[in-house]
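Accompanying notes for the structure given below.
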Amino acid sequence: MNLPDLNGYEVFRILHEDPTTSHIPIMALSSNAFIHDIQKGFNIGFFRYLTKPFEINVLMDAIDTGISMSHIQ
Numbered sequence: 003m004n005l006p007d008l009n010g011y012e013v014f015r016i017l018h019e020d021p022t023t024s025h026i027p028i029m030a031l032s033s034n035a036f037i038h039d040i041q042k043g044f045n046i047g048f049f050r051y052l053t054k055p056f057e058i059n060v061l062m063d064a065i066d067t068g069i070s071m072s073h074i075q
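Using this note's numbering, read the sequence shown as starting at 3 and increasing by one per residue.
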């Protein structure tokens, strides 16, 4: 999960620590498909960790779940 200036874990931490965004479910979409990367993502708090390549129905299901989760919270 690498971005030009931050990695995805740092972005998650920033969003999670901000009261205006901390309630938003965050999923990871990464080319890192090793089990330790996926486990780290779940341990940090991503509600889903999708790896590339992915199927569109899996992505849409994750988005639907995230929207449902945000309404519950």
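Cβ coordinates follow ideal geometry from the N, Cα and C atoms, glycine included.
Are residue i and residue j touching if we call contact CB-CB under 9 Å?
{"i": "ILE37", "j": "SER72", "result": "no"}
{"i": "LEU61", "j": "LEU31", "result": "yes"}
{"i": "TYR51", "j": "ASP39", "result": "yes"}
{"i": "GLY43", "j": "GLY68", "result": "no"}
Cα separation between residue i and residue j?
{"i": "GLN41", "j": "PHE48", "result": "10 Å"}
{"i": "THR22", "j": "LEU8", "result": "20 Å"}
{"i": "ASP66", "j": "ILE74", "result": "13 Å"}
{"i": "ASN59", "j": "ASP20", "result": "30 Å"}
Taking the continuous alpha helix (DSSP H) assigned at residue i, which residues delimit it?
{"i": "LEU52", "result": "Segment 50-53 is the beta strand (DSSP E) holding LEU52; no alpha helix (DSSP H) there."}
{"i": "LEU8", "result": "Counting along the chain, LEU8 falls outside any alpha helix (DSSP H), and DSSP gives it neither H nor E."}
Can you give the beta carbon distance from residue i to residue j, rounded, assuming they're within the 8 Å contact cut?
{"i": "SER33", "j": "THR53", "result": "7 Å"}
**Request:** Enumerate, from N- to C-terminal direction, the unbroken beta strand (DSSP E) stretches of 3 or more residues contained entirely within the region 16-41.
**Result:** 29-32
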